[in-house]
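Residue numbers for the sequence shown follow our numbering, beginning at 52 and rising by one.
Positions of the beta carbon are idealized from the N, C-alpha and C atoms, including for glycine.
Shown next, in structure tokens, is the structure this report addresses.
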Amino acid sequence: MKSSLYDVDVLEKHLTSKGFGGRDRRYIRRNIFRNFMPVESLECGNQIAKDLFAPFETSYLTLISRIDSNIDGASKLLFETKDGKRIETVILRIASGRTSICVSSQVGCTEKCRFCATGELGFLRNLTREEIIDQVVQAGRILAGEDRSLRNIVFMGMGEPLRNYDNLEKAIELLTSGQAFHFAAKRITVSSLGIPELILKFAERFPDISLALSLNSSNDARRSEVMPINEKYPMSALRAMLEKLETIRDGFVMIEYIMFKDLNDDLNAASEVAEFLRGLSVHINLIPYNPDYSLNKSFFPSSNETIDAFKDHLKAEGYKVTRRFSLGQDIAAACGQLANKV
Ligand code: SF4
């Protein structure tokens, strides 16, 4: 059985056994992990790259299709795993020049948020570390070909990342390792729908990784309507978790709030959110709901005026608030729309 190219220790030993010194090994690692070069194109002295890397599995996902948005800088990549499962990754080329990728962590999802196309798929399996990393590598390769560099990695694609804790942990270790991808921790964001014990465990393990919490509602009754997880972990548990987080990590937690017309978008809801978050170090991100017309038609996006009024209300309460303009709406690549419908 072949070794994984992403097992850095095994790779190091192999290169050493083939006569590569420290400088040459660093050069090869930098080209693989930081420049996203395919191994076949590496210069390896007088050795043939294909033969040198023959003992390694170098690719775990096959790119089935790529759809580029006609209205913004988003690209949706549909990958197939070796066992025939399909997952999606999104490249977000933001006008300011920054580039992010949105990575999937599961095939389908363990949760069943009622507004989410991925949740509708059900859960098939967790992605391996290799499959998570390969999304980054293949997206990074596309961006390198455009002379863009990858700045942010967000775990907001298909799946609840913390339900795949072990592989998420291994992937982040590799992404932040100086021997491999060497991403700054603060440029990686893990978004969760709110599983307190796993968020706390993760924050203790990776205090510098950015965290986002999908709140999406201002009270338990409304949250339970859209997110069944709330039955198990009500908002009081989330509040206690947010308070505990402040004792184990610095920096704010991003509070994601998807805005649904007539469900969670009036000023009473804004007051409830303000009350719920009172005294916490948070940044609130308002996200207009992205309608996916194959889903439950009881959800609609809030109007721009409603979102602005909600935002102003929270700002007047002293919160940092931004409104997210989701890219990729025309290719079903925006939040909650990833469902292998290419
Ligand atoms: S919103 Fe996230 S956690 Fe909820 S079903 Fe969709 S992918 Fe899963």
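DSSP has residue i in a bridge; who is on the other side?
i	result
Pro339	Met310
Phe376	According to DSSP, Phe376 bridges with nothing at all.
Lys64	Bridge partners of Lys64: none, in fact.
His233	DSSP lists no partner for His233.
Pro352	Phe311
Val205	Cys153 and Thr240
Lys371	His334
Ser55	Glu108
Val188	DSSP output for Val188 lists no bridge partner at all.
Ala174	The question names Ala, but residue 174 is Phe in the sequence shown. Its beta-bridge partners are Gly159.
Look at residue i and residue j and say whether their C-beta atoms are less than 9 angstroms apart.
i	j	result
Ile142	Leu128	yes
Phe166	Phe71	no
Glu131	Ser54	no
Asp313	Phe351	yes
Gln230	Arg375	no
Ile152	Gln186	yes
Leu178	Gly210	yes
Ser322	Ser275	no
Ile223	Ile260	yes
Arg256	Ala320	no
Leu365	Leu331	no
Leu244	Leu264	yes
Pro212	Ser242	yes
Arg214	Leu249	yes
Gly159	Gly148	no
Ala100	Ser92	yes
Arg74	Glu63	no
Can you tell me the Cβ-Cβ gap for residue i and residue j, rounded? I've got them flagged as a contact below 8 angstroms.
i	j	result
Thr150	Leu194	6 angstroms
Thr373	Asn315	So it is not a contact: roughly 17 angstroms between Cβ atoms.
Ile138	Ser126	Ile138 to Ser126, Cβ: 15 angstroms. No contact.
Tyr340	Ile309	5 angstroms
Thr240	Asn267	Actually they do not touch by this definition, with Cβ atoms about 17 angstroms apart.
Leu328	Ile306	7 angstroms
Leu219	Ile184	Not quite, the Cβ-Cβ distance comes to about 11 angstroms (not below 8 angstroms), so this is no contact.
Arg180	Lys221	4 angstroms
Arg192	Phe84	About 12 angstroms; that fails the 8 angstroms criterion.
Phe303	Val333	5 angstroms
Glu182	Tyr111	5 angstroms
Handout entry: Any heavy atom of the ligand SF4 within less than 5 angstroms of residue CB: hits in chain order
Key = Proximity annotation: the ligand SF4 has residues Cys160, Glu162, Cys164, Cys167, Thr169, Gly170, Glu211 and Leu244 in chain order, each selected because its CB is closer than 5 angstroms to a heavy atom of the ligand.
Problem - Unbroken stretches of the alpha helix (DSSP H), 4 residues or longer, contained in the segment 230-270 - result: Counting only runs of 4 or more, we get 247-256.
Practice task
At 3 residues or longer, and completely inside the segment 100-162: list those beta strand (DSSP E) runs for me, N to C.
Solution key: Segments of the beta strand (DSSP E) lying fully in the segment 100-162: 112-119, 125-132, 137-144, 150-153 and 157-159.
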